[in-house]
Amino acid sequence: KAGVTQTPRYLIKTRGQQVTLSCSPISGHRSVSWYQQTPGQGLQFLFEYFSETQRNKGNFPGRFSGRQFSNSRSEMNVSTLELGDSALYLCASSFTSMHWHYGYTFGSGTRLTVV
Amino acid sequence: ILNVEQSPQSLHVQEGDSTNFTCSFPSSNFYALHWYRWETAKSPEALFVMTLNGDEKKKGRISATLNTKEGYSYLYIKGSQPEDSATYLCALNAGGTSYGKLTFGQGTILTVHP
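Line order of the protein sequences matches chains A and B. Here my numbering is used: the first sequence runs in plain steps of one and ends on residue 124. Here my numbering is used: the second sequence runs in plain steps of one and ends on residue 231.
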C-alpha cells in the first residue's frame with residue numbers, strides 16, 4: 010500500500026511569506042502528526058489531528074497552524090516566515106491516536122529553506 | 118517537559134561488530150517506547166513499539182529490551198553491516214492526553230565501516 014506522501018519535497022521561501030505543506034496519510038489512518046527537525050533541536054512535535062480535530066499541540070508560536078480534511082489529508086501552514094523556520098518538516102500517520110502500539114509511519118518530509 | 122536521552126551520540130564500528138545503544142526516559146511518564154531507524158534522505162523507519170516492562174523485541178539482527186521501572190531501553194545490533202549505518206531514534210509516548218505526540222531523543226548516529 011502507498012506510504013505517507015508529503016508535498017512538496019523542497020521549498021524555498023522568503024522571510025515574511027507564508028507556506029503550506031501537505032501530508033497524505035496511509036489509507037485508513039486517521040491520525041496525522043507533524044514534526045519539525047532542525048540541526049540543533051532534533052525532532053520536535055508540532056501538532057496532531059484526528060478526525061479533523063486538533064487533539065494536541067506542541068510548543069510552537071501561533072504562526073504554525075494546521076488542519077485536517079475529511080479524507081484525513083492534512084496541511085500545515087506557517088505564516089510570516091522567519092529564517093529559523095528553515096527545517097525538515099515530517100508528518101506521521103497512525104491508525105488511531107488512541108492505540109499507540111500501532112506505531113507511526115513517517116513521510117519523507119518537506120525541506121523548507123527560508124532566505 | 119519530558120526529557121528523552123540517548124547515548125552515545127555517535128558510534129563507529131567495524132563490520133561484524135555487535136553494538137548497543139541506550140535510551141533513557143522518565144519512568145513516571147510512560148505509555149509506549151518507539152525505536153526508529155533513519156537513513157539519510159529517507160523517512161524514519163519503525164523498528165519496534167514497546168509497551169510492557171520486560172518487553173523484548175527482535176527483528177533480524179536487531180533486538181530491543183525495555184525497563185519501564187528504571188526508565189531505559191537498549192537497542193542491540195548483532196554483527197553490524199554497512200547497511201545498518203543510520204541514525205537510531207527512540208521516542209516516548211507519555212500517555213494521558215499526549216495524543217499522537219512522540220518525544221524524541223537526539224538519536225545515535227551509527228557508522229559501520231567495511
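Idealized CB from N, CA, C, for every residue including glycine.
Between the alpha carbons of residue i and residue j, how many angstroms are there, rounded?
i	j	result
GLY49 of chain A	LEU55 of chain A	16 Å
GLY224 of chain B	VAL87 of chain A	27 Å
LEU150 of chain B	LEU52 of chain A	15 Å
THR228 of chain B	SER79 of chain A	43 Å
TYR113 of chain A	TYR58 of chain A	13 Å
LEU20 of chain A	THR29 of chain A	10 Å
TRP152 of chain B	SER190 of chain B	9 Å
SER117 of chain A	THR204 of chain B	15 Å
SER124 of chain B	TYR148 of chain B	21 Å
ARG72 of chain A	GLN131 of chain B	46 Å
ASP172 of chain B	TYR193 of chain B	14 Å
GLN45 of chain A	PHE69 of chain A	10 Å
GLY67 of chain A	ALA101 of chain A	15 Å
GLN198 of chain B	ARG24 of chain A	43 Å
Can you give me the Cβ contacts of residue i inside the same chain, cut-off strictly under 7 Å, excluding the 5 residues immediately before and after it?
i	result
LYS174 of chain B	PHE165, MET167, SER180 and ALA181
GLY188 of chain B	SER141, PHE142, PRO143 and SER144
GLN77 of chain A	VAL41, TYR58, GLU61 and SER83
GLN26 of chain A	LEU90
ARG178 of chain B	ILE194, LYS195 and GLY196
In the structure shown, what three-state DSSP assignment does residue i receive?
i	result
GLY93 of chain A	helix
GLU162 of chain B	strand
GLU57 of chain A	strand
GLU132 of chain B	coil
GLU66 of chain B	Shown here, chain B extends from 118 to 231; a query on residue 66 of chain B therefore has no answer.
ALA11 of chain A	coil
ALA211 of chain B	coil
MET36 of chain A	Checking the sequence shown, residue 36 of chain A turns out to be Ser, not Met. Note: SER36 of chain A maps to coil in three-state DSSP.
GLU84 of chain A	strand
TYR148 of chain B	coil
GLY224 of chain B	coil
TYR98 of chain A	strand
SER127 of chain B	strand
ARG24 of chain A	coil
PHE115 of chain A	strand
ASN170 of chain B	coil
LYS176 of chain B	strand
GLU45 of chain A	Just to set this straight, residue 45 of chain A is Gln in the shown sequence, not Glu. If DSSP states are grouped into helix, strand and coil, GLN45 of chain A belongs with the strands.
HIS79 of chain A	According to the sequence displayed, residue 79 of chain A carries Ser and not His. SER79 of chain A falls in the coil class under three-state DSSP.
ARG64 of chain A	strand
GLU156 of chain B	coil
THR16 of chain A	strand
GLY217 of chain B	coil
VAL123 of chain A	strand
Residues in its own chain within less than 8 Å of residue i by CB, not counting five upstream and five downstream?
i	result
SER95 of chain A	THR47, LEU121, THR122 and VAL123
LEU119 of chain B	PHE142, PRO143, ASN146, LEU209, ALA211 and THR220
GLU162 of chain B	TYR153, ARG154, TRP155 and GLU156
Between which residues of its own chain and residue i is the CB-CB distance below 6 Å, once the five residues before and five after are set aside?
i	result
THR16 of chain A	SER31
MET85 of chain A	LEU30, TRP43 and GLY75
VAL121 of chain B	PHE142, LEU209, THR220 and GLY222
Would you please verify whether the beta carbon of residue i is less than 9 Å from any beta carbon of chain E?
i	result
VAL229 of chain B	The structure shown has no chain E; the protein chains it does contain are A and B.
Problem - Cβ-based contacts, 7 Å cut-off: residues of the region 33–63 of chain A near chain B - result: SER40, SER42, GLY51, LEU52, PHE54, GLU57 and PHE59
Handout entry: Residues within the region 199–220 of chain B neighbouring chain A, beta-carbon criterion of under 9 Å
Key = LEU206, ALA208, ASN210, GLY212, THR214, SER215, TYR216, GLY217, LYS218, LEU219 and THR220
Handout entry: Where the region 171–194 of chain B meets chain A: residues whose CB sits under 9 Å from a CB there
Key = none
Practice task
Can you give me, in chain order, the residues of the region 144–161 of chain B that have a beta carbon less than 9 Å from any beta carbon in chain A?
Solution key: TYR148, ALA149, HIS151, TYR153, TRP155, ALA158, LYS159, SER160 and PRO161
Exercise for the section: May I ask you to verify whether the region 91–105 of chain A touches the region 128–136 of chain B, counting CB pairs closer than 8 Å and requiring at least 3? Expected result: no
Exercise for the section: Taking a Cβ distance cut-off of 9 Å, strictly less, list which residues of the region 76–104 of chain A are near chain B, in chain order. Expected result: LEU99, ALA101 and SER103
Handout entry: Residues, ordered as in the chain, of the region 125–137 of chain B that lie near chain A by beta-carbon distance below 9 Å
Key = none
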